[in-house]
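Student: Residue numbers (my numbering): 540 to 985.
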Ligand SMILES: [Zn+2]
């Protein structure tokens, strides 16, 4: 038994409690409440800090950490093309693994214990296993050309089979048909059927850019032109990206829908009706110039919503408290309402909301007896955050951007005294991978 004491405990499932204790036993939460009532055990005093459930990052591309700052101020299609080419031509598998591990180090120091990562290489799956964190690695599948569909599906099955053989209670495999501009209808249908049959979690990038909507609704725009130039037939596919996913059966797999910037009332209704979840990525959506997703409408409709950082190639940081702050500020600016989404509600989205979005709420997302001891503590005594009248407001509005002082996953400490420890301590250097990217960039320009 370990008794973690802190000035504030935020269980999320109930209001914050001051001068309290969380007891961990065999990786699970055995007690949450006043110090005087805690069962006997070894004491760890976290001091003037807020102890809460580990944050759940509902959307990452961990292997792209080395591309932080590498793709600035590009239009979305150029951004994707350059990202894809650079990854393929300049980054070896070891570089992608180092990049993913570096990303998890960043996330852990920001109190993130769970990662929902979409990738093709499998490097983030390996990195999550190595560093002791929790997560789902969604194996991406691509193929805008229906002629490639059978081959893409066979490749997906083989990759998912390999991942499933190495899955653990902490790290699982899912599938991700990438996006409407990179996946044809037949491949969406085949991937959804595979996922439903095998009980695999699904994630899909959807309703992100204006160009994507234009492709889906009108068969026009940059994506439509580039498909036609490759000899791919392009026709209008649905009234909206969400209705496309409904028509091809993807919504029946209860997917995690990443972005959902360009959605109308009918789309929100379809998402709720099919009990799909949303990964809300306010910073990435803003930085790439896509817009502001209607988070308040999602929450009002009872949709399961988590907060995602997206890759640092479009953010450029992984800090979920900061992301929660941005989520609130953008919704208040968008709606011109002073009380839309409170700090407490945003913290719930960043923890229990993310857990629900990933179907992990029976295991993580709140400090409740019996759940896994996935914990994060943030110091609140520095000039940046003191004084504290309400710990949720202090954490989200003032302390965001500060390092976590303590983090554990399933009871195993990965951050102590703001330092990575245990399996998380071995953080690789990104120097050689970054040099490879810089050299690629110089040669590609020539
Ligand atoms: Zn993404």
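The C-beta atom is built at its ideal place from N, Cα and C for all residues, glycine as well.
From the DSSP secondary-structure annotation, give me the bridge partner or partners of residue 711.
Tutor: Paired residue(s): 675.
Student: Less than 6 Å between C-beta atoms, sequence neighbours within five positions excluded: which residues of the same chain meet that for residue 894?
Tutor: 595, 900, 903 and 904.
Student: Grouping DSSP H, G and I as helix and E and B as strand, with all else coil, what is residue 704?
Tutor: Here residue 704 sits in helix by DSSP.
Student: Does the Cβ of residue 857 have 16 or more other Cβ atoms within 10 Å, making it buried, or fewer, making it exposed?
Tutor: Residue 857 should be labelled buried.
Student: Thinking C-alpha only, which one of 978, 643 and 859 is nearest residue 962?
Tutor: Nearest of 978, 643 and 859 to residue 962, Cα basis: 643.
Student: Would you say residue 604 touches ligand 1, meaning its beta carbon is less than 7 Å from a heavy atom?
Tutor: Flag unset: Cβ of residue 604 not near ligand 1.
Student: Taking the alpha carbon of residue 897 as the point to measure from, which residue in 712, 922 and 968 has its own alpha carbon closest?
Tutor: Closest by alpha carbon: 712.
Student: Give the secondary structure of residue 835 by DSSP, where H, G and I count as helix, E and B as strand, and everything else as coil.
Tutor: Of the three classes helix, strand and coil, the one that applies to residue 835 here is helix, per DSSP.
Student: How would the residue list near ligand 1 read, in chain order, if you kept each one whose beta-carbon is closer than 7 Å to any heavy atom?
Tutor: Every residue passing the under-7 Å Cβ criterion appears here: 598, 600, 657, 744, 797, 849 and 850.
Student: Can you list, in chain order, the residues of its chain whose CB lies under 6 Å from that of residue 920, leaving out five sequence neighbours each side?
Tutor: 587, listed in sequence order.
Student: Going by DSSP, name the residue or residues bridged to residue 958.
Tutor: For residue 958, which the question treats as bridged, DSSP gives the partners 955.
Student: Specify whether the region 905-915 and the region 935-954 touch according to this definition: at least 3 beta carbon pairs, one from each stretch, less than 8 Å apart.
Tutor: Verdict: yes, contact present.
Student: Would you report the Cα separation of residue 764 and residue 865, rounded to the nearest angstrom?
Tutor: Taking the straight line from one Cα to the other gives about 35 Å.
Student: Below 7 Å CB to CB, which residues in the same chain sit around residue 735 once its five sequence neighbours on both sides are set aside?
Tutor: Excluding residues within five positions, the ones whose Cβ falls inside 7 Å are 791 and 792.
Student: How many angstroms separate the CA atom of residue 600 from the CA atom of residue 576?
Tutor: Cα-Cα distance, rounded: 42 Å.
Student: In chain order, what are the residue ranges of uninterrupted beta strand (DSSP E) at least 3 long that sit wholly in the region 826-870?
Tutor: Correct list: 843-846.
Student: Under three-state DSSP, which class holds residue 810?
Tutor: In the structure shown, residue 810 sits in a helix (DSSP, three-state: H, G or I).
Student: Would you check if the distance between the CB atom of residue 810 and the CB atom of residue 781 is smaller than 8 Å?
Tutor: Closer than 8 Å, so yes.
Student: Hey, residue 604 and residue 639 are a contact pair by Cβ (cut 8 Å); roughly how many whole angstroms apart?
Tutor: Going by Cβ atoms, the distance from residue 604 to residue 639 rounds to 7 Å, so yes, they are a contact pair.
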